[in-house]
Amino acid sequence: MNWDRVEGNWKQLKGTIKEQWGKLTDDDLDVIAGKRDQLEGKLQERYGYARDQAASEVDTWYNSRNWLP
């Protein structure tokens, strides 16, 4: 998984992140700044996900994007 593309396009992706996980605030998204571990941590905090569930949610979101080769 090439997470660098997420980091590089974070400003454009913030809208899709909020659509997927509406409990994340703009401040949360600013703190996350495209960092996968930060996103997973915020999902655990806001949604009460276990670590594995947060990672799975992020994987599902990432893989649903059309940027994969």
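Residue numbering for the sequence shown follows the numbering used here, beginning at 647 and increasing consecutively.
Just so you know, even glycine gets a beta-carbon here, dropped at the ideal spot from N, CA and C.
In the DSSP assignment, Thr-671 falls outside any alpha helix (DSSP H) and carries neither an H nor an E. Distance from the CA atom of Ser-702 to the CA atom of Gln-684, rounded to whole angstroms, is 14 Å. Taking C-beta atoms under 8 Å as the contact rule, Gly-680 and Val-652 qualify, at a distance of about 5 Å. Lys-664 carries a helical assignment under DSSP once its states are collapsed to helix, strand and coil. Asn-709 sits in a helix when the DSSP states are folded into three classes.
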